[in-house]
Amino acid sequence: MAQAKLGVIGGSGLYNIEGLEAVEEVRFDTPFGPPSDAITLGTLEGVRVAFLPRHGKGHRISPTEVPYRANIYALKSLGVEQLVAVSAVGSLKEEVRPLDLLVPDQLIGRTRSRVNSFFEGGNTAIGIVVHAPFADPFCPHLNKALHGAAAEVAERVHQGGSLVVIEGPQFSTRAESHLYRSWDASIIGMTALPEARLAREAEMCYSTLACVTDYDCWHDSYESVTVDMIIANLQKNVGAARHILRLLAARLPAGRQCGCGHALRTAIVTPSHIIPETVKKELSLLLGKYVPPA
Ligand SMILES: [Zn+2]
């Protein structure tokens, strides 16, 4: 199968990357079903890139319905080690203005209806327990490279801050928006979780390029967020996002100095001889180097 090093998950407004060379589309199935759409493989600045539109082309999959496990598994199976998610977000701080960009360094989870791990079977235990470290949900090295590229392209780019992830699909209430502000969160979105958790379990570096489209609903001087507002501001930001991805690809560090590539080394609680062979086999892409199938 064709390989890629850098993965890009496009959010609202970003359904393709211009300038990809030698493009091919791959469709495949995973143990978690099919991903959101076909994955586009191509070369950007000499780096093999895999691109996946999170909501499917045409934007037809809601944040709750995104097949997060299939998406991350599919990118992992293509060899992706570093993953950048591009997302539209609302701002929770005065100084983070619409049309600004922000590379968050923390997450606050407020989702309720999503499967958060590759190692869960829903109502039936699959026979393995994995507690991956998640104190720093974004890769510090990839974040730094992404912020550097963004700061060269755009005027207003914020480094760090907490991203609150809500279930949606409705926007938050005014009381919730004020609550998240009291937590000192910077931005609000609907998709970074469980994406970041699964990327960690897949031992990928993960960073988010957040494109600020609105002030959610807390700001007295601005109208509450609407879809029209998001789309109008996103279209202004998509060109910058594409330019940033190109710069990032050109500068991607050759090896990984961070801990992301061995996140599961001390995370698997269940002794190897107790883990069912079927699980070891089915999830060998993720677990194979620690608990190889017999
Ligand atoms: Zn990393």
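In our numbering, the protein residues as written are 7 to 300. Virtual Cβ for every residue (Gly too), placed ideally from N, Cα, C. In this text the structure is predicted, and so the values were computed from the model without any measurement.
CA-CA distance, arginine 66 to isoleucine 78, rounds to 19 Å. Membership of glycine 13 in the beta strand (DSSP E) is indicated by the continuous run 12–16. For arginine 262, the distance from the CB to the nearest heavy atom of ligand 1 is below 7 Å. At a cut-off of 7 Å, the beta-carbon of leucine 258 does not count as near ligand 1: no heavy atom of the ligand is closer than that. Nearest neighbour of glutamine 241 by Cα position, chosen from Ala260, Ala94, Thr130 and Cys266, turns out to be Ala94. At least 8 Å separates the beta-carbon of histidine 268 from that of glutamate 173.
Take the alpha-carbon of glutamate 27 and the one of histidine 61: they are about 23 Å apart. The Cβ neighbour count for valine 86, taken over all protein chains shown within 10 Å, is at least 16; the residue is labelled buried. DSSP, reduced to helix, strand and coil, places histidine 225 outside both helices and strands of the structure shown, so it counts as coil. With a cutoff of 8 Å on beta-carbon distance, valine 218 and serine 97 are scored as near each other. Residue side-chain check: histidine 147 places its Cβ nearer than 7 Å to a non-hydrogen atom of ligand 1. A Cβ-Cβ separation of about 7 Å places alanine 273 in contact with proline 139 under the 8 Å criterion. Taking a cut-off of 8 Å for Cβ pairs, the region 125–132 and the region 239–257 do not touch, as fewer than three such pairs fall below it.
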